[in-house]
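Inspection log for the structure reproduced underneath, given as structure tokens.
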Amino acid sequence: MKKDIHPSNYREVVFKDMSNEETFITRSTVAAKETIEIDGVTYPLVKLEITSSSHPFFTGKQKLVDTAGRVDKFRSRYGDRKKK
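If you want it as structure tokens, here you go:
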């Protein structure tokens, strides 16, 4: 590994998902203005609006909104094109 090419502020940081209050600790160089204490250790805190623990795609709670049967109407009009 080459010397003096890596950031000097690479440290453990807490990322907090604000939608479900889940926190996880990882190493990062991100600038943080707040701190949080976990198990007696103070870490820089980065607040996030959405993470993989709350995103509908990753949680399996993604919904297909089908108003007025648009999906069925599309399938009846165009059918399954893979059968050809």
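Numbering (my numbering), first residue to last: -6 to 77. Glycine included, every Cβ here is placed at the ideal spot set by N, Cα and C. Note that the structure is a prediction, hence the values are computed from the model and not measured.
Take the alpha-carbon of residue 17 and the one of residue 7: they are about 6 Å apart.
Between residue 27 and residue 38, the C-beta spacing is below 8 Å.
Around residue 25, the same chain offers 6, 37, 38, 39 as residues with beta carbons nearer than 8 Å, after the five sequence neighbours per side are excluded. If you check the CB distance, residue 65 and residue 43 do not come in under 8 Å.
When DSSP reads this structure, residue 27 sits in a beta bridge with 38.
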